[in-house]
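Q: Have a look at this one.
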Amino acid sequence: MEKLYIICVDDQREVLSTIAKDLAVFENDLIIEECESATEAEELIDEIDSEGDFVALIISDHVMPGKSGVDFLSDVNKDERFPNTQKILLTGLATHQDTIEAINSASINQYLEKPWNKEELIKSVKKLLTRFILKTGLDYQKYLPLTDQETLFEILKKQG
Numbered sequence: 002m003e004k005l006y007i008i009c010v011d012d013q014r015e016v017l018s019t020i021a022k023d024l025a026v027f028e029n030d031l032i033i034e035e036c037e038s039a040t041e042a043e044e045l046i047d048e049i050d051s052e053g054d055f056v057a058l059i060i061s062d063h064v065m066p067g068k069s070g071v072d073f074l075s076d077v078n079k080d081e082r083f084p085n086t087q088k089i090l091l092t093g094l095a096t097h098q099d100t101i102e103a104i105n106s107a108s109i110n111q112y113l114e115k116p117w118n119k120e121e122l123i124k125s126v127k128k129l130l131t132r133f134i135l136k137t138g139l140d141y142q143k144y145l146p147l148t149d150q151e152t153l154f155e156i157l158k159k160q161g
């Protein structure tokens, strides 16, 4: 079975650790990777893609040394290998203009502010994983523990 990944990108190690801890509920069904820069994340997604696995979701901070989160997510959005990858911008420092850029250029699916609410993060991740699984054409029944049932039924109803 193909592997699904969530990539978390933040230049602060303690933030990455907290995100990973909050997402531990998904560890039995997918792989959670932590990257401290956009460059590290780009290398990882290339590796995941070359192995035939899926980058289901990227959660990225905005303000980081080197490439910003918005620039990184915009690059992923333009990459034809990842048309279904879902994207969350998780930041406390984005300006109004940064947010507009994230929506328009990166096609982010969700914007969450730091500090985030754990339950809100988990709910957002479940919704976005559900969308990814259905858009990719994977057998959603194999991934039921990852899905948001309400989102699943809404999408299946529209398709049906």
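Counting from 1 along the sequence shown, just add 1 to a position and that's the residue number in my numbering.
Backbone N, C-alpha and C fix where the C-beta goes; we use that ideal spot for every residue, glycine too.
1) Consult DSSP for K1 and reduce its assignment to one of helix, strand or coil.
2) Thinking just about the alpha-carbon of each residue, which of L31, S69, S51 and S108 is nearest to the one in T40?
3) So what's Q150 in DSSP terms, helix, strand or just coil?
4) Please give me, in chain order, every unbroken run of the beta strand (DSSP E) with length at least 3 that falls completely inside the stretch 72 to 149.
5) Considering only residues of the same chain and omitting the five flanking positions on each side of L129, which have a CB-CB separation below 6 Å?
6) Cutting at 7 Å between CB atoms, please list the residues of its own chain near T155, excluding the five before and the five after it.
7) According to the neighbour-count rule (16 or more other Cβ atoms, all chains shown, within 10 Å of its Cβ), is V26 buried or exposed?
A: According to the structure data:
1) Outside the displayed span of the chain (2 to 161) sits residue 1, for which this structure offers no information.
2) On the sequence shown, residue 40 is found 39 positions in, with the first residue counted as 1. Among L31, S69, S51 and S108, the Cα nearest to that of T40 is on S69.
3) By 1-based counting over the sequence shown, the position of residue 150 is 149. If DSSP states are grouped into helix, strand and coil, Q150 belongs with the helices.
4) 87 to 92 and 111 to 114
5) On the sequence shown, residue 129 is found 128 positions in, with the first residue counted as 1. The residues are L58, Q87 and N110.
6) For this step, residue 155 is matched to residue 154 along the sequence shown. According to the sequence shown, residue 155 is Glu rather than Thr. If we look at E155 and ignore the five residues flanking it on each side, it has no Cβ neighbours.
7) Position 25 of the sequence shown, counted from the first residue, corresponds to residue 26. Label assigned to V26: exposed.
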